[in-house]
Every structure is written in C-alpha cells, then in structure tokens.
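Presented below is the structure to which this report refers.
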Amino acid sequence: MEGGNPENEKLGQHFRSIDVGKSVSTDNGNNMKLETVIGLEIHAQLKTQSKIFCGCSTAFGASPNTQTCEICLGMPGVLPVLNKKVVEFAIKLGLSTGSTINTFSQFARKNYFYPDLPKGYQTSQFDLPIIEHGCIEIDVDGCTRKIGITRIHMEEDAGKLLHDEHEPISYVDLNRTGTPLLEIVSEPDMRSPEEAVAYLRKLHLLLRYLDICDGNMQEGSFRCDANISLRPLGQEKLGTRTELKNMNSFKNVQAALEYEVRRQRDIILDGGTVIQETLLWNPDQNRTESMRGKEDAHDYRYFPCPDLIPVVIDEDWIDQVRSMLPELPDERQKRFVETFGLPVYDAQILTGSRELADYFEAALQVCNAPKKLSNWIMTEFLREIQGEVGPWISSTCKIEPKSLGLLIDLLEKGSINGKIAKTVFQTMMETGKSPENIVREQNLVQVSDQGELLTLVQEIVAAHPQQVEEFRGGKTKLMGFFVGQLMQKTKGKANPQLANELFSKALNA
369 MEGGNPENEK LGQHFRSIDV GKSVSTDNGN NMKLETVIGL EIHAQLKTQS KIFCGCSTAF
429 GASPNTQTCE ICLGMPGVLP VLNKKVVEFA IKLGLSTGST INTFSQFARK NYFYPDLPKG
489 YQTSQFDLPI IEHGCIEIDV DGCTRKIGIT RIHMEEDAGK LLHDEHEPIS YVDLNRTGTP
549 LLEIVSEPDM RSPEEAVAYL RKLHLLLRYL DICDGNMQEG SFRCDANISL RPLGQEKLGT
609 RTELKNMNSF KNVQAALEYE VRRQRDIILD GGTVIQETLL WNPDQNRTES MRGKEDAHDY
669 RYFPCPDLIP VVIDEDWIDQ VRSMLPELPD ERQKRFVETF GLPVYDAQIL TGSRELADYF
729 EAALQVCNAP KKLSNWIMTE FLREIQGEVG PWISSTCKIE PKSLGLLIDL LEKGSINGKI
789 AKTVFQTMME TGKSPENIVR EQNLVQVSDQ GELLTLVQEI VAAHPQQVEE FRGGKTKLMG
849 FFVGQLMQKT KGKANPQLAN ELFSKALNA
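Numbering (the working numbering), first residue to last: 369 to 877.
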C-alpha cells in the first residue's frame, strides 16, 4: 500500500498548509514555491509468542532457519490458522488512534517473487483491512497538527537475506517468515522531514505504551517506508513520488527525507522530471540510491486468500479490548501536569518512555516532592544511564524506584544536603543499597545542630581576618569561601542553609 490515497486527500479541508520550500528562480526566470508532501508506511512487528498463522516461535536471535515449519514455509497441502492475539493487538491500536474498527475484514495474497519469500506471495490485507480512518496528533515547533491514518492492516513478515562479506553469496534465514506485522499507512499529510519524524516517534511511543511492539529498530521490529513528492504550493494534485525503503532509525529517516527534498527540488527547478522509483538510503555516503521501479497495487495481483476465512469481530470483543487499554502517552502527560504540578517540559520527558513514567510514579509513592524527583530523574538519573531508557529499568537497574524516592525524601526532611545526596546516589548506582543504609554506614547525616555549627563558624571567622575585612568591604562573594571552609570541617555534612544564616550574622556583626 502507498502512503495515502490521492483521491481522498483532505489537506485543503482539514489541515493547515505549511510551506517548507523557498521562493526560487528557475533558469527561465519564473519564481516557484514548492511544497513537500510525505506519507509514511510503518511496519510494526507484534509481541506475540507465536507467528501469525502457525505455532512457530517469534523470538529474535535464534540460529537461522530453526523457527520454521511447513505452514510458514508454505508447503503444499498446509492450511494457516489466524493467531487471535494479532487481531486483539490490531484492535488496541485502532482504538488508540481513534480509528474505525471494521467488523468484517479479509486477508489477500500479495504476489511477488523474492528469495526470502518462500511461498511466492505474502498474506496481507488489501481492499478490506481491519482498521481505517484514524489520526495521530504531533507537535512540531509549538504547532499541533493531526496526521491522518488511511489504514492499518494485518500481514506476515518475510524472511531475511544475509549477504556474505567475502564471497558473492547470499544466505536466506526464514525464521522471521510469518512473524505478525501491523502495517500503518498514513495520509500524505506531513509537510516536512521534521513532521515525519515527529509522527514516527509518536507512533513508536504509542505502540510501546500499548505493549504490542517492542519498537526495537535495530532488530527490525519497527521499520519505515516513506513516500515523498514535491508540488507547486497551492496545487491540489500530488507530484510524482519516490519511496524510501526500509529505514530503521529516526536519524536515517530525517537525513534521507532532507536529502530527497533537495534532490527532487533541484530536478524540478532545472526543468526535469522526477522518476517514480523505490530508493534505498546509503548512510555512509549520505545519499539515496535507486533500488527498482516503484510498483503500483495492480503489480501485486491481489486476490482474496482462499485458505483463510474473513475476520468477523463483534462489538462485545471491541468493548472488551477497550477496557484493557492502558493510559496513553498524551493522557499521562496531561495528568502529570495537572495532578503533580509539573511543567509541560518535565511531563514530556517523563512520559516519553512508558518505563520512565512508571519509574517516576513508583518513586513518588514514598516521597511527596514531584518536582524535585523529576529534576533528579532528568539530570542525575538519565545522565548515569546515558539516556538509554527501556524495559531494563524495572529489571536490571540497581536503583529501585522506591530507593530513589527515599533519597529525595531524605533531602526533603533535611536529613542530608544536596552534596551528600549526590554522593549517596553514586553509591546506590554502584551497589544497589538503600539510601538509609548508605547514610547510616558512612555517617552522612546532615549536621543541623545550631550550637555545634556556631562554634565552628566562630573558629573560621577568627582564623581568616583578612577575608572577613574584605567581605565587610563589599566582596560578598566570599560567603562561598566561608561556607566551603565549614563544609571541609564537617566533611560536607553541614546544613548549607543554616551555615549561610550563621555566617551572615557573624560577618555582619
């Protein structure tokens, strides 16, 4: 399927036109503004334990061709049976994107020949998909836009070719054959590479919140094809498109689309014609390369699959799946702002990963300082884990969320100061010990006894008459020097607020 249907284009009716082109003079002296039009086709592997039409495992990383059977290899005389979980996952995504769930849908055979497609066809859906007419909201540079979803359909994945680095030989691994996919086809509503990447990220986040796709782009669980064309600004008819195939990183999608915009613009402004073709992105040379001529739907000779009955869904099942939906990213972000009083920026960072949002809420159960906890997660915590957020947070990270909450609670109560808290945090990262145990074992409790600190303050003032004179002469920045002296004497345990108060009184006496 292509990224959007030109006959159903609603851009002029519903969406603001954004000009990402520039007024450029062609060789014949005419000025022309060009508008970028992008539609995405996203393939998301589903987190089912078995394949879409057989019982073979979908686990990644097994030895080649060890997770296959007669059904996923398409042997004569075998019959596929649809995995019910695949339908449930499709309904989940449809409900989460405000789409229409078609109670009647049908599988079709998409015919093409390639070494990693053992049957010579792919079982997919064509004119009767399970999901249609949804949308996703994106925010780019403070502007919120709705990107339409044409359709979401179920299909099986193909195998994988492994190319020998030293010999002109390719090997076929069919473990991936039959892994269930959802293909999400957008309307051609995106007007810049930035909008395309924002849409891609939003959908990636949604799939992971729903827990129906692990979103691992390096393993091919989340892949993107992009259809892109340019047209004169204000023209309704779409220009000739090219398709960028199988991009598996946000960075590559952005770079490839930016390159293709420049390439097509140069061709059009020079009076040439863009050729409809399928392209690959070469990240080493930062350019697109021709793969083959672009197919149209009729090239695949679709027809209803004779081995599978139509998929009929009743409203009770849809309601049951709706009741299973989790809190979605936009809803959670709004709640973090309204309930916890967090700035929108904090809420966006924390809800940008389901695992990170879960971690924050679990830590908040033992402390009553949402903003301070948010600050620590966004600075100390994310810096230590180098921003890599994933399922491992809840399974292998040495700092349990409640331990971080208890650390923030010790700070709030004044049991430790900020400097000590950072020391405790580092020990927690290394050992996994609770903050209370670390504070007790290392005798790190903050010194807040006024009498004890006053004695030390007086000793420091008496020992530094020159600095005292300079301070009283107007060099007030020396307050940091005096507090630093106190911190040295108390090994960083002095209450900094009380220290400043005592020095202020002593030095201004």
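Note that CB positions come from ideal geometry on N, CA and C, so glycine has one too.
message: I'd like to know if the stretch 621-634 and the stretch 437-446 are in contact, where contact means that at least 3 CB-CB pairs between them fall below 8 Å.
response: no
- prompt: On the three-state DSSP scale, how would you describe N470?
  reply: Counting from 1 along the sequence shown, the entry for residue 470 is found at position 102. Of the three classes helix, strand and coil, the one that applies to N470 here is coil, per DSSP.
message: Using only the alpha-carbon positions, how far apart do P561 and L775 sit?
response: Your numbering for residue 561 matches position 193 in the sequence shown. Your numbering for residue 775 matches position 407 in the sequence shown. If I take the Cα positions, the gap works out to 42 Å.
field: Rounded C-alpha distance that separates N805 from R559
entry: Here the question's residue 805 lines up with position 437 in the sequence shown. Here the question's residue 559 lines up with position 191 in the sequence shown. Approximately 55 Å between the Cα atoms of the pair.
query: In or out: E604 buried (at least 16 other Cβ within 10 Å) or exposed?
result: Taking the sequence shown and counting its residues from 1, the one referred to as residue 604 is at position 236. Under this definition E604 is an exposed residue.
field: Residue nearest to N595 in terms of C-alpha spacing, selected from D557, L854 and S872
entry: Position 227 of the sequence shown holds residue 595. Cα-wise, what sits closest to N595 is D557.
Own chain partners of L568 with C-beta closer than 8 Å, once the 5 adjacent residues on each side are dropped: Taking the sequence shown and counting its residues from 1, the one referred to as residue 568 is at position 200. Closer than 8 Å at the Cβ level, and outside the excluded window around L568, lie L408, I410, C592, F618 and V621.
Segments assigned beta strand (DSSP E), at least 3 residues, entirely inside the stretch 637-673: 645-650 and 655-661
task: Determine the direct distance from the alpha carbon of I580 to that of Q417, and round the result to whole angstroms.
output: Taking the sequence shown and counting its residues from 1, the one referred to as residue 417 is at position 49. Taking the sequence shown and counting its residues from 1, the one referred to as residue 580 is at position 212. If I take the Cα positions, the gap works out to 11 Å.
message: Under DSSP, the beta strand (DSSP E) around V712 begins and ends at which residues?
response: Here residue 712 is taken as the residue at index 344 of the sequence shown, counted from 1. No beta strand (DSSP E) contains V712, which is instead part of the alpha helix (DSSP H) from V712 to L718.
- prompt: On the premise that P694 lies in contact with L578, defined as a C-beta separation below 8 Å, what is that separation, rounded to the nearest angstrom?
  reply: Locating residue 578 in the sequence shown gives position 210, counting from the first residue. Locating residue 694 in the sequence shown gives position 326, counting from the first residue. About 7 Å separates the two Cβ atoms, so the contact holds.
query: Roughly how many whole angstroms lie between the Cα atoms of E626 and K702?
result: Position 258 of the sequence shown, counted from the start, is the residue given in the question as residue 626. Position 334 of the sequence shown, counted from the start, is the residue given in the question as residue 702. The straight-line gap from Cα to Cα measures roughly 32 Å.
- prompt: Tell me the DSSP bridge mates of S418?
  reply: One-based indexing of the sequence shown puts residue 418 at position 50. Paired residues: S425.
query: To which residues does DSSP link K478 through a beta bridge?
result: Indexing the sequence shown from 1 puts residue 478 at position 110. Q490, per the DSSP bridge assignment.
task: For G397, collect the residues of the same chain with a Cβ closer than 7 Å to its Cβ; drop the 5 residues on either side in sequence, then sort them by chain order.
output: To locate residue 397, count along the sequence shown from 1; it is residue 29. Reliability of the predicted coordinates at G397 is poor, the pLDDT of 43 falling under 50, and the value obtained from them is presented with this limitation in mind. Closer than 7 Å at Cβ, skipping near neighbours: no residue.
message: I need the boundaries of the beta strand (DSSP E) containing K528, first residue and last residue.
response: In the sequence shown, the residue the question calls residue 528 occupies position 160. Residues K528 to H531.
query: When you compare only the Cα positions, how much space is there between E837 and T823?
result: As a working mapping, residue 837 is identified with position 469 in the sequence shown. As a working mapping, residue 823 is identified with position 455 in the sequence shown. Cα to Cα, the separation comes out at about 20 Å.
field: Element boundaries [alpha helix (DSSP H), containing K740]
entry: As a working note, residue 740 is residue 372 in the sequence shown. Unbroken alpha helix (DSSP H) run through K740: P738 to W744.
Three-way DSSP call (helix, strand, coil) for A624 in this model: Mapped onto the sequence shown, residue 624 falls at position 256. Helix, per DSSP.
- request: Could you pull out every unbroken beta strand (DSSP E) segment of at least 3 residues lying fully inside the stretch 527-607, listed in chain order?
  value: 528-531, 538-541, 548-554 and 590-600
For Q413, the three-state DSSP class (helix, strand or coil): In the sequence shown, counting from the first residue as 1, residue 413 sits at position 45. Q413: strand per DSSP, three-state reduction.
Range covered by the beta strand (DSSP E) that runs through R513: The residue given as residue 513 occupies position 145 in the sequence shown. That run of the beta strand (DSSP E) goes C511 to E524.
query: Does the distance from the C-beta atom of S554 to that of I520 stay below 8 Å?
result: The sequence position of residue 554 within the sequence shown is 186, counting from 1. The sequence position of residue 520 within the sequence shown is 152, counting from 1. No; because the gap between Cβ atoms is not below 8 Å, this pair is not in contact.
- prompt: Roughly how many angstroms lie between the CA atoms of D395 and P600, to the nearest whole one?
  reply: The count along the sequence shown starts at 1 and reaches residue 395 at position 27. The count along the sequence shown starts at 1 and reaches residue 600 at position 232. Unreliable positioning characterises D395 in this predicted model, as indicated by a pLDDT of 38, which lies under 50. The coordinate reading is nonetheless provided below. The straight-line gap from Cα to Cα measures roughly 16 Å.
- prompt: Assuming L463 and V689 make a contact with CB atoms under 8 Å, what is their CB distance in whole Å?
  reply: Walking along the sequence shown from the start, residue 463 turns up at place 95. Walking along the sequence shown from the start, residue 689 turns up at place 321. Rounded, the Cβ-Cβ distance is 7 Å, consistent with contact.
task: Following the continuous alpha helix (DSSP H) through T707, name the residue where it begins and the one where it ends.
output: Position 339 of the sequence shown, counting from 1, holds the residue named residue 707. Looking at the DSSP string, the run of the alpha helix (DSSP H) that includes T707 is P697 to F708.
query: DSSP state of A862, grouped into three classes?
result: Position 494 of the sequence shown, counting from 1, holds the residue named residue 862. Strand at A862.
query: Going by other Cβ atoms of all chains shown within 10 Å of its Cβ, with 16 needed for buried, is A427 buried or exposed?
result: For the purposes of this step, residue 427 is taken as the residue at position 59 of the sequence shown. Looking at its Cβ environment, which holds fewer than 16 other Cβ atoms inside 10 Å, A427 is exposed.
query: Is T404 helix, strand or coil when you go by DSSP?
result: The count along the sequence shown starts at 1 and reaches residue 404 at position 36. Here T404 sits in strand by DSSP.
Cutoff 8 Å; reference I469; Cβ partners in own chain excluding five residues on either side: For the purposes of this step, residue 469 is taken as the residue at position 101 of the sequence shown. Excluding residues within five positions, the ones whose Cβ falls inside 8 Å are I459, G462, L463, I498, I499, I681 and I686.
query: In terms of alpha-carbon separation, which member of E798, A412, A566 and L530 lies closest to I406?
result: Here residue 406 corresponds to residue number 38 of the sequence shown, with the count starting at 1. Ranking E798, A412, A566 and L530 by Cα distance to I406 puts A566 first.
- prompt: Mind checking whether G782 and N863 have CB atoms under 8 Å apart?
  reply: Counted from its first residue, the sequence shown places residue 782 at position 414. Counted from its first residue, the sequence shown places residue 863 at position 495. Yes, Cβ-Cβ distance for G782 and N863 is below 8 Å.
Bridge-paired residues (DSSP) for G502: In the sequence shown, counting from the first residue as 1, residue 502 sits at position 134. Bridge partners of G502: I517.
- prompt: Tell me which same chain residues have a C-beta within less than 8 Å of the C-beta of Q826, skipping the five on either side of it?
  reply: As a working mapping, residue 826 is identified with position 458 in the sequence shown. Closer than 8 Å at Cβ, skipping near neighbours: A874.
- prompt: Leaving out five residues before and five after D652 in sequence, what residues of the same chain have Cβ atoms less than 8 Å from its Cβ?
  reply: Indexing the sequence shown from 1 puts residue 652 at position 284. Result list for D652: empty, nothing under 8 Å.
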